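Down below is the structure, laid out as structure tokens.
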Amino acid sequence: MHATMIENLIASMPLYVCTFWSVLLLLDVVERRQKAKLRLLAYMSAAALLYMGHYVFFNRMTALLPLTDTIYSTMNLAVFPLYYIYLKEITEPVWNHRWQWLLLLPAAVGGAAIGLLYALMSPAETAQFVDTYLYHNQTAGLVGPAWWQGAAHSAAKVVFALQIPPILISGYRKVRHYDQTVEANYADTDDKRLRLMKTVLLLFVVTSLLSFAANVLGRYRFADSPWLLLVPSVLFSVLQFMLGYAGYRQQFSISDLLRDLKITEPSATPAATDDEAAQPSILDTLPQQLTNAVSRDRLYLQPDLKITDVADLLHTNRTYVSRVLKEQMGTTFADFINRQRIDYACHLMAQDPTTGTDKVATMSGFSSLSSFYRNFKLYKGCAPKDYQPPT
72 MHATMIENLI ASMPLYVCTF WSVLLLLDVV ERRQKAKLRL LAYMSAAALL YMGHYVFFNR
132 MTALLPLTDT IYSTMNLAVF PLYYIYLKEI TEPVWNHRWQ WLLLLPAAVG GAAIGLLYAL
192 MSPAETAQFV DTYLYHNQTA GLVGPAWWQG AAHSAAKVVF ALQIPPILIS GYRKVRHYDQ
252 TVEANYADTD DKRLRLMKTV LLLFVVTSLL SFAANVLGRY RFADSPWLLL VPSVLFSVLQ
312 FMLGYAGYRQ QFSISDLLRD LKITEPSATP AATDDEAAQP SILDTLPQQL TNAVSRDRLY
372 LQPDLKITDV ADLLHTNRTY VSRVLKEQMG TTFADFINRQ RIDYACHLMA QDPTTGTDKV
432 ATMSGFSSLS SFYRNFKLYK GCAPKDYQPP T
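Heads up: the sequence shown runs through residues 72 to 462, numbered per our numbering.
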């Protein structure tokens with residue numbers, strides 16, 4: 072009895088994790104009605120259904136397999152596209168979302184084909200297919216609808232493998248571009264960037280390779296060894312927990328950035344324009360104006376400072392300022408402002424070493440202590456308490 076409970080726990084760990092986050096995300100969607108959370112809820116619900124299929128398979132509930140295997144096969148082809156759709160929601164403007172749902176077409180077609188074939192198979196053919204193909208990864212002896220069912224499952228494995236590289240590569244690029252956009256427009260980025268999402272995507276790579284290997288070898292190899300199943304079960308559980316945690320905590324997205332910058336249409340996105348190219352004198356003098364204004368007025372001491380605030384003060388636009396920072400000064404808005412904040416913090420600490428760290432952080436313009444510590448470590452190479460002013 073004890074061994075059976077442990078085996079059930081091992082097989083069901085990812086299911087419990089996905090169900091947990093599905094419930095929390097559902098409550099969050101009902102309360103806040105955020106489209107990004109709704110997309111993540113769709114992914115997490117699909118993952119829960121997928122791991123439900125795993126649970127049924129590994130516990131040999133053969134009477135349920137025609138239904139749960141159809142669901143599993145559908146969700147296996149849907150989870151990566153659904154997560155990609157979620158990433159697009161938080162990193163790309165709504166006008167770039169056209170046709171994204173076509174990514175789910177393979178899942179719809181594959182699931183429908185597998186479900187139809189199960190409906191056409193007799194009980195004897197189904198039993199033969201379950202034993203021969205699902206639990207022994209063989210096709211010998213399969214005929215008629217059972218043979219076609221094996222072919223459909225094999226095709227689904229190939230499609231699953233082909234999905235992984237483009238979705239993960241494109242997803243990583245979207246996250247990186249989004250973070251760069253945040254750093255180009257905000258001084259305070261800690262609650263806006265997707266730092267944890269990059270870690271999640273790297274873990275996605277590991278688990279994807281494991282999923283691909285399991286599909287090639289056959290899930291049946293894990294069915295008879297719960298301790299062998301423990302490795303992928305733990306990895307999948309960790310991935311889904313981190314993914315749910317990162318998504319649940321992420322409140323800021325590209326829609327918030329566009330609202331802050333008052334961008335409402337594609338033509339208004341930050342980009343170089345003909346007008347900029349026609350006025351090189353503005354771009355030549357702007358670096359000095361920018362440096363003087365920020366230093367003179369100590370703009371860096373303003374919490375939640377945005378590039379539009381500086382552009383308005385200089386009677387120019389954010390695109391000019393962003394271009395000057397990137398092309399002529401070799402930095403980003405966040406780096407430009409936070410370097411000066413840290414220098415000012417060091418000045419305060421040298422003036423009065425007894426000033427508390429939290430007070431120094433606030434007086435230097437940082438909106439959070441964690442942001443102060445991270446930037447101090449970045450620019451000074453040590454924690455504030457270990458900093459020794461130059462003599």
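Just so you know, even glycine gets a beta-carbon here, dropped at the ideal spot from N, CA and C.
Owing to the predicted nature of the structure, the values given are computational and were not obtained by experimental measurement.
Nearest to Met84 by alpha-carbon distance, out of Thr403, Phe275, His248, Val302, is Val302. Among the bridge pairs identified by DSSP, Tyr257 is matched with Lys377. Residue burial is scored here from C-beta neighbours: His386 has fewer than 16 other C-beta atoms within 10 angstroms and is therefore classed as exposed. For Asp250, the number of other beta carbons within 10 angstroms of its own is at least 16, and it is reported as buried.
Contact check for Val150 against Ala117 passes: the beta carbons are separated by less than 8 angstroms. When the five nearest sequence neighbours on each side are left out, the beta carbons in the same chain lying within less than 6 angstroms of the beta carbon of Gly221 are those of Tyr204, Thr210, Leu213, in order along the chain. In the DSSP assignment, Phe128 falls within the unbroken alpha helix (DSSP H) covering 106 to 129. Assigned with DSSP and collapsed to three states, Asn167 falls in helix. In the three-state DSSP reduction, Thr90 falls in the helix class (H, G or I).
With the rule of 3 Cβ pairs closer than 8 angstroms, the stretch 185 to 194 does not count as touching the stretch 162 to 174. The criterion of a C-beta distance shorter than 8 angstroms is satisfied by Ala184 and Ala223. With distances taken between CA atoms, Asp259 lies nearest to Leu372 out of Met123, Val431, Leu372.
Counting along the chain, the unbroken alpha helix (DSSP H) around Pro177 starts and ends at 176 to 191. Ranked by Cα distance from Ser308, the first of Phe128, Met115, Gly182 is Met115.
Closest in alpha carbon position to Gln399, among Ile413, Ala416, Gln359, is Gln359. In this structure, the alpha-carbon of Val100 lies about 15 angstroms from that of Phe323.
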